[in-house]
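In what follows, a single structure is set out as structure tokens and then discussed.
Here's what the structure looks like:
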């Protein structure tokens, strides 16, 4: 499990996937998820 205090720099695709899977594990009937991930590198 990730904590914001432990994240240094950008999230990798693997980290993001793990966070999403962990967050949705109790929702087994969900077929699709819309993930909105802001890109703060373009300021």
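In the numbering used here, the protein residues as written are 1 to 43. We treat Cβ as the ideally placed atom computed from N, Cα and C, and that holds for glycine.
- Restricting attention to 9, 7 and 17, the CA atom closest to the CA of residue 33 is found in 17.
- Ranked by how close their Cα comes to the Cα of residue 36, the residues 20, 7, 28 and 3 have 20 in first place.
- Apart from the 5 residues on each side of it in sequence, residue 7 sits with its Cβ closer than 8 Å to the Cβ of 15 in its chain, given in chain order.
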